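See structure below.
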Amino acid sequence: MRLGIEQIRSILPQREPFLFIDEVIEIDGTNKVVAVRDIRGDEDFFKGHFPNRPIMPGVLIIEALAQTAIILYSVCKLDIARTNPDYYLGRVKAEFLSPVVPGDRLILEANNVKITDEAGIADAQARVGDRIVAKASLVFGIKPREISQ
Amino acid sequence: MSENFDEELKNLVSDIIEVPVDKLLPEAEFIEDLQVDSLKAIEIVAAVEKKYRVVIPEPDIPKLKNLAQIIAYVKNVKQG
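Top to bottom, those sequences are chains A and B.
Here the first sequence is numbered in our numbering, starting from 1 and rising by one per residue.
Here the second sequence is numbered in our numbering, starting from 1001 and rising by one per residue.
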């Protein structure tokens, strides 16, 4: 099963320039979600990270993995995801193995460790081709959206 | 199940919730006494599942209010 950008936008609260998934290319039941992001080179963060030497910040790779984990959560908890709750990262244990640069196709994989109504744990990894560029254990929470005044 | 199972599980929970072992009383309630939130709770559940190769279904999680109840739950699953 695949999801296009409009379906992704219906699940994720993030928007450009902070939306880091282009397409979901695989959904393996409630076990795993694989998404992709093509690193174009015209992203705003490359202006400063770094001038004349563009490297995708590791924290943004984590953000891309966390967004993939939200998609995974929505597959597991469709009824709650449809209420557009707030998602927040609680704890991240990460390892960065290789730089990501313009022209790379970032493959983002989130595996279900445990997901409940209120929280989730995903083991995630980012790859470029067969090369693992980052690994992370993500613990995240879900809260009903507070109505702003 | 190892002889020091109770101690082992206590150490596991102690590490996650960052409460010293000597202060982690078996009957202390996770939420009310130890300020365990939903993120710490799911970390405990996932760690117990992984270490003891058990599955704790979501409806059972709210029933595990303290360390003693987790110990009893895992023993019951493993021996039952």
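All residues carry an ideal CB built from backbone N, CA and C; glycine is no exception.
In this text, all values refer to a predicted model and were calculated from it rather than measured experimentally.
Closest by C-alpha distance to residue i, when choosing among the options
{"i": "D22 (chain A)", "options": "A:Y87, A:A66 and A:L106", "result": "A:L106"}
{"i": "I62 (chain A)", "options": "A:L19, A:P102 and A:P13", "result": "A:L19"}
{"i": "A69 (chain A)", "options": "A:G90, A:I121 and A:R82", "result": "A:I121"}
{"i": "D130 (chain A)", "options": "A:I25, A:L108, A:R15 and A:G58", "result": "A:L108"}
{"i": "P102 (chain A)", "options": "A:K135, A:T116, A:I8 and A:P57", "result": "A:P57"}
{"i": "R127 (chain A)", "options": "A:K114, A:R145, A:D104 and A:K143", "result": "A:D104"}
{"i": "D28 (chain A)", "options": "A:S74, A:G141 and A:K93", "result": "A:S74"}
{"i": "I132 (chain A)", "options": "A:K77, A:K143 and A:P99", "result": "A:P99"}
{"i": "A1046 (chain B)", "options": "A:F46, A:A119, A:A94 and A:P144", "result": "A:A119"}
Short Cβ contact (9 Å threshold) for residue i with residue j
{"i": "E1027 (chain B)", "j": "L1067 (chain B)", "result": "yes"}
{"i": "N31 (chain A)", "j": "N84 (chain A)", "result": "no"}
{"i": "R91 (chain A)", "j": "L1034 (chain B)", "result": "no"}
{"i": "V1074 (chain B)", "j": "L1025 (chain B)", "result": "no"}
{"i": "G48 (chain A)", "j": "D1037 (chain B)", "result": "no"}
{"i": "R37 (chain A)", "j": "A64 (chain A)", "result": "yes"}
Buried or exposed (CB count within 10 angstroms, at least 16 for buried), residue i
{"i": "L72 (chain A)", "result": "buried"}
{"i": "E1043 (chain B)", "result": "buried"}
{"i": "R40 (chain A)", "result": "exposed"}
{"i": "I5 (chain A)", "result": "exposed"}
Residue i at chain B interface by Cβ criterion, 9 Å
{"i": "D79 (chain A)", "result": "no"}
{"i": "F96 (chain A)", "result": "no"}
{"i": "T83 (chain A)", "result": "no"}
{"i": "D117 (chain A)", "result": "yes"}
{"i": "G151 (chain A)", "result": "In the structure displayed, chain A extends from 1 to 149; residue 151 (chain A) sits before or after that span and is not available."}
{"i": "I121 (chain A)", "result": "yes"}
{"i": "G90 (chain A)", "result": "yes"}
{"i": "F45 (chain A)", "result": "no"}
{"i": "V113 (chain A)", "result": "yes"}
{"i": "D29 (chain A)", "result": "Residue identity differs from the one stated: residue 29 (chain A) is Gly in this sequence, not Asp. No, no contact with chain B."}
Any chain A beta carbon closer than 9 Å to residue i
{"i": "D1006 (chain B)", "result": "no"}
{"i": "E1043 (chain B)", "result": "yes"}
{"i": "I1070 (chain B)", "result": "no"}
{"i": "E1058 (chain B)", "result": "yes"}
{"i": "S1038 (chain B)", "result": "yes"}
{"i": "E1049 (chain B)", "result": "yes"}
Review point. Taking the runs of the alpha helix (DSSP H) that are 4 residues or longer, which of them lie wholly in the segment 48 to 87 of chain A?
Key: You should have 58 to 76 and 78 to 81.
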